[in-house]
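Listed in order, the protein sequences are those of chains U and V.
Taking the numbering used here, the leading residue of the first sequence gets -6, the next gets one more, and so forth.
Taking the numbering used here, the leading residue of the second sequence gets 4, the next gets one more, and so forth.
All C-beta atoms in this analysis are idealised placements derived from N, C-alpha and C, irrespective of residue type, glycine included.
No experiment lies behind these values; they were computed from the predicted model shown.
Notes follow the structure.
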Amino acid sequence: MSTRTLPLLFINLGGEMLYILDQRLRAQNIPADKAKKVMNDIITTMFNKKFLEELFKPQELYSKKALRTVFDRLAHASIMRLNQASMDKLYDLMTMAFKYQVLLCLRPKDILLVSFNHMDAIKDFVKDTPSILSQVDETYQQLIEIYTPLSNGEFQLIRQTLLIFFQDMHIRVSIFLKDKVQNSNGRFVLPTSGPVPRGTQIPGLIRIFSCAGEELTRLQFNNGGNYSSAQREGSFEIFGDRVTKLGTNMYSVSRPVETHMSGTSKSSAQHTKVNTVPNPLAKEELNLLSRLMGGLEVQKPGSTDTGFRVNLFATDEEEEEALISRPDDLSYGIVNIQATKDQQANAELAKIMGEFTESGEQSPSASSKGDDLLAMMDGL
Amino acid sequence: MFHKEKSIQIKNSASALYNNLSVLRIAPRRLTYFTVVHANVVNMVSASWDGLNYSHRQLQSKEPNVATSTSLIMQAAFCVLPSRDLLVVSSQKGIQMYESDGSIMVYWHALDTPEAPTEQAVFARGISAVSDNYICVGVSSGAVLVFDVPSKGSNITLSEVLEEHKEAITDIAAECSGSQERLASLVTADDGGNVCVWKSGEEFQLLNKIPGLDITCSSVKLWKGTVLAGYGNGQIRLYEAVTGILHAEVNAHARWIYSLDVAPFSGLLLSAAEDSFVRVWHLAMTPETNSVEIAHLHNECVTDTQICGAKFCDGDGYAFAVTGYDLSEIIRYVQS
């Protein structure tokens, strides 16, 4: 539907990913310098100029599979390694968090405020590194340029597009269950109380007018809820109080974050899903994906001294158990590039990797770079 | 006033789209059809009145070729004409018209979709039968396509394109009171809250334009010459169609309204919004003073659900049905 949804989806999911990784790095007592390197590397990759250029082009939303591939790559942009089970859990947490934020936004355009909350936190993560900071600032400018002129109707279309992407996801997240924002059936609590959105009046008043425009009668009715007046407007600029708490870091208090797999898969199977095609990934989507991935720098996998593994579970045993017991309909089915018979698309990927090296020069070994990428994606 | 009845299960959950429920009552066969949109699929359920038989069918948006990305459906609606009923499905790629049971597609109209995606999304949304032989469908550019529908067969033709709106059409409705002497036959609404009133005919005539204030009008109805409009700021407004005079303004909901419906014989009005509430109202006309009044009758709260569709199941408003985002059921309420 809306061709402007992908940047918001990516930035908000990316922001949630950083919140979670930051919490896990601390919980696992990773040395500060290594932790900082991981965060900086990931943020640098996220805000890579070429990558963002592709991202901000008007386009339809990717499938869940394709987007997961992008985030797998992003999570491995540094010396940190994640096993499949931890990556699955990370992605579950990211997506459920953003789904919650989108659902609970008071107005569709508040999604932009949520995005700014994520951006503000990302900026704070890299405040000591001027080079990355400038990349982040440029992205603020782009967001403001593209999104602030949009009408409320267009924002609602973006929101509806995001809600289709998140449709039927009901993974239970322990932090949400504890805070009572999610029910035990995985559905979010939508309160019928609290402040109304800006521009909306508290429901209850009926006004009848004469043909001349004078108010003839006022009637009140019971709205069945417990609403209060709207809060003040949040800032849509680079700096400022966003007012809404949606999109701020809910993991700052160190709490173990678990997801529950059981009881979340629906009994009525979905016969058709958005973007489901006979091949694992349609050719056109593969082309789009390869253009996007072409902008993602990949760090050389660190030697065993500097590289380390992060676990999103409390113990290694739990992580292994989670991998085995994950229900089939909740698996993300990571893109297996080797498996597609589409030679041309593979060649595309290899070409793009060849165009882009860490030093910015033309790489002589274009094909080996392409193989690296394919091998890495296969290994995910 | 109303109590909840047994829900109807559907194969997929409802997507968050305006007016995401359509109902067709088939009295001779003692059946009611319901349609609910899920992404690129229309879920149809045929429910027998005795509550014993349910049959399901799914319709997909037509794909010109498999390689291109899926076409999401924006709306599915039954169009009742004197000689036939059709099911119209509007999507990102075009407009499909089926026999009302969804068995055969009788017409396909492709939208002009650009080669590469543009900043402006392209889709069709807003569907209504008008007068005896027209079906109108809105487009994201603001255009309203008028199709001429013969009493039978597939010789449906595009008769006119109404170009008055500059923003994406959200909803379209025809005069539903059944009276022939009303001047206004059609009302169209857009993303900016602008509402246009038309007289149908070989050439449709614009009678009036009610400006919006960048507050989206997501759902609109036309009854006894009165425009009933639901807005993104939770308000319902009643306007006299031809003059644009504001009869009433209601602070009805705490969130974006997604659906309005009217029961033409009794003057009951149904409103549903993202705030989880469905509200029932009563409309009263006083022709002597040319006034229209609205009174609140009843609330239903669908806990933890953002409602996206609400429709009366019959012309008196004896029963109504509701759909919500992520909900795989059609919830029904009946008068006590």
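Between U:I201 and chain V, is there a C-beta pair that is closer than 8 Å? Any Cβ of chain V closer than 8 Å to the Cβ of U:I201 would place that residue at the interface, and such an atom is present.
Determine the DSSP secondary structure at U:T333, reduced to helix, strand or coil. Note on U:T333: pLDDT 37, under 50, position unreliable in the model; the coordinate value appears next. In this structure, U:T333 counts as coil in the three-state DSSP scheme.
Taking Cβ to Cβ, would you say V:Q307 is nearer than 8 Å to U:F214? Reading the sequence as shown, one finds Asp at residue 307 of chain V and not Gln. Contact: no.
Would you list, in sequence order, the uninterrupted beta strand (DSSP E) runs of no fewer than 3 residues that lie entirely inside the stretch 133 to 185 of chain V? 137 to 142, 147 to 151, 160 to 165, 172 to 177
Verify whether the separation of the beta carbon atoms of V:Y321 and V:V295 is less than 8 Å. no
Can you pull the chain V residues whose beta carbon is under 8 Å from the beta carbon of U:M(-6), in chain order? L75, M77, Q95, A124, F126
If you measure from the beta carbon of U:T308 to each beta carbon in chain V, is any gap under 8 Å? No, because no Cβ of chain V sits closer than 8 Å to the Cβ of U:T308.
Looking at the structure shown, is U:E312 part of a helix, part of a strand, or coil, going by DSSP? Three-state DSSP puts U:E312 in a helix.
With a threshold of 16 other CB atoms inside 10 Å of the CB of U:G206, please say whether the residue is buried or exposed. In summary, U:G206 is exposed, with fewer than 16 beta-carbon neighbours lying within 10 Å of its beta-carbon over all protein chains present.
Inter-residue spacing [alpha-carbon to alpha-carbon] between V:L231 and V:D317: V:L231 and V:D317 have their C-alpha atoms spaced approximately 19 Å apart.
As a quick exercise: from U:N304, U:K29, U:R235, pick the residue whose alpha carbon is nearest that of U:D113. U:R235
Please report the straight-line C-alpha distance between U:L14 and V:I310, rounded to a whole angstrom. 35 Å
Would you verify that the beta carbon of U:Q196 is, or is not, closer than 8 Å to some beta carbon of chain V? Here the sequence assigns Pro to residue 196 of chain U, which means Gln is not the residue at that position. With 8 Å as the cut-off, U:P196 counts as an interface residue toward chain V.
For V:S58 and U:R74, I'd like the C-alpha separation in whole angstroms. 50 Å
Assuming U:L11 and U:L54 make a contact with CB atoms under 8 Å, what is their CB distance in whole Å? That belief does not hold up - the Cβ atoms of U:L11 and U:L54 are roughly 21 Å apart, past 8 Å.
Buried versus exposed call for V:H6 [16 or more other C-beta atoms within 10 Å across all chains shown]: exposed
Is there contact between the stretch 141 to 150 of chain V and the stretch 161 to 168 of chain V, where contact requires at least three CB pairs shorter than 8 Å? yes
Given a cut-off of 8 Å, decide if U:S186 and U:G218 are closer than it, judged by their beta-carbon atoms. yes
Any beta carbon of chain U sitting closer than 8 Å to that of V:C304? yes
For V:I153, go through chain U and note every residue whose CB falls closer than 9 Å to its CB, in chain order. Reading the sequence as shown, one finds Pro at residue 153 of chain V and not Ile. Counting only Cβ-Cβ distances below 9 Å, V:P153 has no contacts in chain U at all, with the closest Cβ about 32 Å away.
Smallest Cα separation from U:F64: which of U:I35, U:F301, U:E131? U:I35
Is the beta carbon of V:S188 sitting closer than 8 Å to the one on V:I130? no
Contact between the stretch 216 to 224 of chain V and the stretch 162 to 169 of chain U is defined here as three or more beta-carbon pairs at a separation below 8 Å; is this criterion met? Taking a cut-off of 8 Å for Cβ pairs, the stretch 216 to 224 of chain V and the stretch 162 to 169 of chain U do not touch, as fewer than three such pairs fall below it.
To the nearest angstrom, how far is it from the Cα of V:V91 to the Cα of V:S269? 27 Å
Burial state of U:G179 (16 or more Cβ within 10 Å): buried
Using a threshold of 8 Å, state whether the C-beta atoms of V:S51 and V:R33 are closer than that. yes
Please state whether the Cβ-Cβ distance between V:Y21 and V:D193 is less than 8 Å. no
Within 8 Å of any Cβ in chain V, is that where the Cβ of U:I104 sits? Under the 8 Å criterion on CB atoms, U:I104 is classed as non-interfacial with respect to chain V.
Kindly indicate which three-state DSSP category V:V190 falls into: helix, strand or coil? strand
Look up U:Y55 in the DSSP assignment and say whether it is helix, strand or coil. coil
Check the Cβ-Cβ distances between V:R258 and every residue of chain U, and say whether any is below 8 Å. Residue-level contact check: V:R258 touches chain U, since one or more beta carbons of chain U fall below 8 Å from its beta carbon.
Can you tell me whether V:M4 is buried or exposed? The criterion is at least 16 other CB atoms within 10 Å of its CB, across all chains shown. exposed
So is U:L2 in contact with chain V if we call contact Cβ pairs under 8 Å? Not closer than 8 Å to any Cβ of chain V, the Cβ of U:L2 fails to qualify, so no.
Applying a beta-carbon distance threshold of less than 8 Å, which residues of chain U neighbour V:D307? What V:D307 touches in chain U, judged by beta-carbon distance under 8 Å, is N176, R180, F181, V182, L183, going in chain order.
Step through the CB atoms of chain U and report whether any lies within less than 8 Å of the CB of V:H299. yes
Measure how close the beta-carbons of V:V39 and V:I98 come, nearest whole angstrom, since I'm counting them as under 8 Å. Rounded, the Cβ-Cβ distance is 18 Å, inconsistent with contact.
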